[in-house]
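Chemist: Protein chains in written order, with this note's numbering: chain C, 54 to 233; chain B, 773 to 1235.
Yeah, the Cβ is synthetic: ideal placement off N, Cα and C, and Gly gets one too.
Since the structure is predicted, the reported quantities are computational estimates derived from the model, not experimental observations.
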């Protein structure tokens, strides 16, 4: 029987190195914890997989953004040059597609690039000025040289005492409660 | 603890980061330049000088807006004077920043991590300077928005078949994407700055910019994908921008402009001058702020090699222009070459050949590639040479076209020079502020270069 405390966001374990964090994340995930997250000062290869994160929709967002940019740029030029404002220059065709390629290309890049940045931030839920993990004073070094693993209280397997014991078994520097 | 801080040097080259650094010393060294280093007298004096340069630009532009482009030396047949020369020069300088940040990122050239941040800043400031010139050259700059397609009461639409309209799209996209790329790269470093800042005010500012970045593994995963995709998008973009700029010339029929070699030749020239500017900035900055640990001899030497290579492509371009002048049998093309060598601008052409082709050949010798003084001087010479190249392309071609009756001569006025020098002031003012306000080297990317950041053995301990 799990005892849930609404004022607790989760349990945080602090590690000294990237290797320890990845190993701990693997073990925690393998132990059946689903709602976990790991924090590090720089991207670590394989860490996202270790906490069971596989779905990454950023490429799809960029693809859609780029396609919208490219198609709308070409459509706009076609509409302007052929339908609404045709200018006859020496009898050349109105639909002179080679000269439309550059603007189409540029707007594909523009929309694709903006969707990459905005999409990444929105999927990450940023900007988010407040987050419970910042309540732990040691977490200030998550952007410096320390590595953190958090098991959220919302995890079905979470139990204040058992989870703490499990995290202590991973040989962290410390385990702290994260107030929400 | 990250006690083992020795970096194994696999090869005999100078390492990208000097040995002895840990995750926290990297953050400390870079962020302290902004957070705790006192403002020195030298910085203030330098700032006053470059800021007066920027004010000179304001005066020159203010007078231009009152009087019109008649204050410049331009007239028919030479309607494209300094404004276009400087536009092409500045935008070319910007190219090295994107090359370093995007192309070298895709090619996994990790040495780029120490110089990409300020090279990208350089790109932004250079493109901002470049953008001023076509606006000022417009005559009625307050109507610049007429270039964009939008429904208007004149029932007019831009001509999408014109290279000048392509330019609007290329340059504005380039600026926007460079800004986005730069900002995305800064987000994790803003978080480091936020956590290191001591005063609440500074903490709030960086906290606001970091947008709550907390280094979550999920965030990093999406972040890296987005960054890689941005690099992938910026790579064709940077190659396209100077290509489109070269179309402004190549699509015209003026001798010396109407050639198919222009796009690759312009792109190579852009990277050439851009690396020269990177070196001109990096050499003094690393000395003043003691960043020799992060911007090592290897960075300078590699940049010098890139300069040498792109310089040779540019030399090939000059050679081809001369060859085609002879081989085409076209009297106007061959006259153009004769005019460059013997005409009224022959001194500029001779200086161009010396600055861009002959002098930089000393970079074949290692002695010049590793000596900061020599390298700075050669980079400066290349910058001058590349400016002269644009001057020759724009002015010499226009001054002698097909009919003798429409020949002319161009003399820049003091307002031309003030505007040009003023943009250098504006560029340096922005750099001056940048090094004191933002982390000028990417902290998190440098950290990934330390061996402790690698987890290959740990990844095998899967259960």
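Please check if any C-beta of chain B sits within less than 9 Å of the C-beta of residue 70 of chain C.
Modeler: Residue 70 of chain C counts as touching chain B.
Chemist: Report yes if the CB atom of residue 1039 of chain B is closer than 9 Å to the CB atom of residue 1005 of chain B, and no otherwise.
Modeler: Going by C-beta atoms, residue 1039 of chain B is not nearer than 9 Å to residue 1005 of chain B.
Chemist: Identify the contact partners of residue 794 of chain B in chain C, using a Cβ-Cβ distance below 8 Å as the criterion.
Modeler: The contacting residues are 198.
Chemist: Assuming the contact rule is C-beta atoms closer than 8 Å, residue 860 of chain B and residue 1162 of chain B should be a hit. Round their C-beta distance to whole Å, please.
Modeler: Correct: roughly 5 Å between the Cβ atoms.
Chemist: Show which residues of chain B have a CB atom less than 8 Å away from the CB atom of residue 177 of chain C.
Modeler: By Cβ distance, chain B contributes 988, 990, 991, 994, 995.
Chemist: Can you pull the DSSP bridge partners for residue 1026 of chain B?
Modeler: Partner(s): none; residue 1026 of chain B has no beta bridge.
Chemist: Taking residue 1220 of chain B as the reference, which of B:864, B:1111, B:834, B:880 has the closest Cα?
Modeler: Ranking the options by Cα distance to residue 1220 of chain B, first place goes to B:880.
Chemist: Residue 906 of chain B lies in the alpha helix (DSSP H); which residues open and close that run?
Modeler: First-last of the alpha helix (DSSP H) with residue 906 of chain B: 888-909.
Chemist: Taking the alpha carbon of residue 856 of chain B as the reference point, which residue from B:1068, B:902, B:822 has its own alpha carbon closest?
Modeler: For the residues B:1068, B:902, B:822, the minimum Cα distance to residue 856 of chain B belongs to B:902.
Chemist: Measure from the alpha carbon of residue 1129 of chain B to the alpha carbon of each residue in B:1214, B:1155, B:807, then state which is nearest.
Modeler: If we check each option's Cα against that of residue 1129 of chain B, B:1155 comes out closest.
Chemist: Tell me, please, which residues DSSP counts as bridged to residue 63 of chain C.
Modeler: C:205, C:231.
Chemist: Bridge partners for residue 1178 of chain B per DSSP, in chain order?
Modeler: DSSP, once it has assigned bridges, lists no residue as partnering residue 1178 of chain B.
Chemist: Please state if the CB of residue 864 of chain B and the CB of residue 893 of chain B are separated by a distance shorter than 9 Å.
Modeler: No, the Cβ-Cβ distance between residue 893 of chain B and residue 864 of chain B is not below 9 Å.
Chemist: According to DSSP, residue 988 of chain B sits in a beta bridge with which residue or residues?
Modeler: Paired residues: C:92.
Chemist: Establish whether the CB of residue 242 of chain C and some CB of chain B are separated by less than 9 Å.
Modeler: This structure gives no information on residue 242 of chain C, because the portion of chain C shown stretches from 54 to 233.
Chemist: Does the Cβ-Cβ distance between residue 67 of chain C and residue 191 of chain C come in under 9 Å?
Modeler: It is a contact, given that the beta carbons lie within the stated cut-off.
Chemist: Return the bridge partner residues of residue 850 of chain B from the DSSP annotation.
Modeler: Beta-bridge pairing links residue 850 of chain B to B:847.
Chemist: In the DSSP assignment, what are the bridge partners of residue 200 of chain C?
Modeler: BP columns for residue 200 of chain C point to C:68.
Chemist: I need the DSSP call for residue 783 of chain B, collapsed to helix, strand or coil.
Modeler: Confidence in residue 783 of chain B is poor, its pLDDT being 49 and thus under 50, which makes the residue's placement too unreliable to answer from.
Chemist: Near residue 1211 of chain B, which residues of its chain fall below 8 Å by C-beta distance, leaving aside the five closest residues on each side in sequence?
Modeler: Counting only Cβ-Cβ distances below 8 Å, and skipping sequence neighbours, we find 802, 803, 805, 806, 889, 958, 961, 964, 965.
Chemist: I need the boundaries of the alpha helix (DSSP H) containing residue 1071 of chain B, first residue and last residue.
Modeler: First-last of the alpha helix (DSSP H) with residue 1071 of chain B: 1069-1099.
Chemist: What does residue 90 of chain C touch in chain B if you count any residue whose Cβ is under 7 Å from its own?
Modeler: Residues of chain B passing the Cβ test: 988, 989, 990.
Chemist: Taking only three categories from DSSP, how would you classify residue 947 of chain B?
Modeler: If DSSP states are grouped into helix, strand and coil, residue 947 of chain B belongs with the helices.
Chemist: For the stretch 91-111 of chain C, enumerate the residues whose C-beta is nearer than 7 Å to any C-beta of chain B, in chain order.
Modeler: Going along the stretch 91-111 of chain C in chain order, one finds 91, 92, 93, 94, 95, 96, 97, 98, 99, 100, 101, 104, 106, 109, 111 with a Cβ nearer than 7 Å to chain B.
Chemist: Under 9 Å, Cβ to Cβ, is there at least one residue of chain B near residue 223 of chain C?
Modeler: So, not an interface residue.
Chemist: How would you call residue 1050 of chain B, buried or exposed, if buried means at least 16 neighbouring beta carbons within 10 angstroms?
Modeler: Buried is the call here.
Chemist: Might you give, ordered along the chain, the residues of its own chain that have their beta carbon closer than 6 Å to the beta carbon of residue 981 of chain B, omitting 5 neighbours on each side?
Modeler: Only 962 meet the Cβ criterion.
Chemist: My understanding is that residue 1169 of chain B touches residue 1016 of chain B, with C-beta atoms under 8 Å, so please give their C-beta distance in whole angstroms.
Modeler: So it is not a contact: roughly 19 Å between Cβ atoms.
Chemist: Quick one, which residues of the stretch 147-161 of chain C are near chain B if we go by CB-CB under 8 Å, in chain order?
Modeler: So the close ones are 149, 152, 153, 155, 156, 158, 159, 160.
Chemist: So, are the CB atoms of residue 1076 of chain B and residue 1149 of chain B less than 9 Å apart?
Modeler: Their beta carbons are not under 9 Å apart, which means residue 1076 of chain B does not touch residue 1149 of chain B by this criterion.
Chemist: Hey, does residue 1001 of chain B have any beta-carbon neighbour from chain C nearer than 9 Å?
Modeler: At least one chain C Cβ lies under 9 Å of residue 1001 of chain B.
Chemist: Exposed or buried, residue 130 of chain C, counting other C-beta atoms within 10 Å across all chains shown (16 or more means buried)?
Modeler: Result: buried.
Chemist: Is residue 993 of chain B buried or exposed, if buried means 16 or more other CB atoms sit within 10 Å of its CB?
Modeler: Flag for residue 993 of chain B reads buried.
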